[in-house]
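Q:
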Amino acid sequence: HGSTVLYPCDANQTAKLVEEMADRKGIVFLRTTRAATPVLYGADEGFPVGGSRVLRDGDDVTIVGVGITLHEALKAADELEGKGISARVIDLYSVKPVDGETLRAAAEATGGRVLTVEDHWPEGGIGDAVLEALSDGETPARVVRLAVRDMPGSGKPAELLAAAGIDAEHIADAARSLVEAAVGAR
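In our numbering, the protein residues as written are 15 to 200.
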């Protein structure tokens, strides 16, 4: 039956994904965030397993987030927009199975510049899922993975995100570097 990994970003998405979980066979893991997060989705929206949502369209860089890091990615996209960088932001709420079609289309639309952000170790997370989806040999991409790399301490969510290098500021810096590296390579 396989396994399924889901990571919602708000209360409404969580409720809908719990409903999706109830109808699945096999192991289903739903990861949640302890911090209160803004509600992005309506209560009547659906979230099929294997799907994702493009929340911002852009053609300079793709930023892929889940859960709490999606909110940071949206803040980073706002900051980047103010500096003339257009970021596409994807909510990859279904980590396994992953929406490879949307990821490949996003990579193509943004010149292969893809940034993943997760509050998880880099191994076995969304960075790996995105790399696998883009490994078809037909989608050239440079993927930069922001993830937790050191044992986190105790603190407020915003402090922990900053300490791990996965807050909006770090995301914007990494996205800017990806775009600037591409411009320099031309």
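C-beta atoms are modelled at their ideal positions from N, C-alpha and C, and glycine is treated no differently.
Which partner residues does residue 41 have in the DSSP bridge list?
A: In the sequence shown, the residue the question calls residue 41 occupies position 27. Paired residues: 17.
Q: Please determine if the stretch 109-119 and the stretch 83-97 are in contact, where contact requires at least 3 C-beta pairs separated by less than 8 Å.
A: Not touching, per the Cβ criterion.
Q: Who does residue 105 pair with in a DSSP beta bridge?
A: If you number the sequence shown from 1, residue 105 lands on position 91. For residue 105, which the question treats as bridged, DSSP gives the partners 67 and 79.
Q: Which residues does DSSP list as the beta-bridge partners of residue 157?
A: Here residue 157 refers to the residue found at position 143 of the sequence shown. According to DSSP, which records beta bridges pairwise, residue 157 is partnered with 128.
Q: Run through the DSSP bridge pairs and tell me what residue 110 is partnered with.
A: By 1-based counting over the sequence shown, the position of residue 110 is 96. Residue 110 is bridged to 19.
Q: For a quick check, are the C-beta atoms of residue 157 and residue 21 less than 8 Å apart?
A: As a working mapping, residue 157 is identified with position 143 in the sequence shown. As a working mapping, residue 21 is identified with position 7 in the sequence shown. Cβ distance not < 8 Å, so residue 157 and residue 21 don't count as in contact.
Q: Can you tell me whether residue 184 is helix, strand or coil according to DSSP?
A: Your numbering for residue 184 matches position 170 in the sequence shown. Three-state DSSP puts residue 184 in a helix.
Q: In whole angstroms, what is the alpha-carbon distance linking residue 78 and residue 186?
A: Residue numbering aside, residue 78 sits at position 64 when the sequence shown is read from its first letter. Residue numbering aside, residue 186 sits at position 172 when the sequence shown is read from its first letter. Going by the C-alpha atoms only, they are around 12 Å apart.
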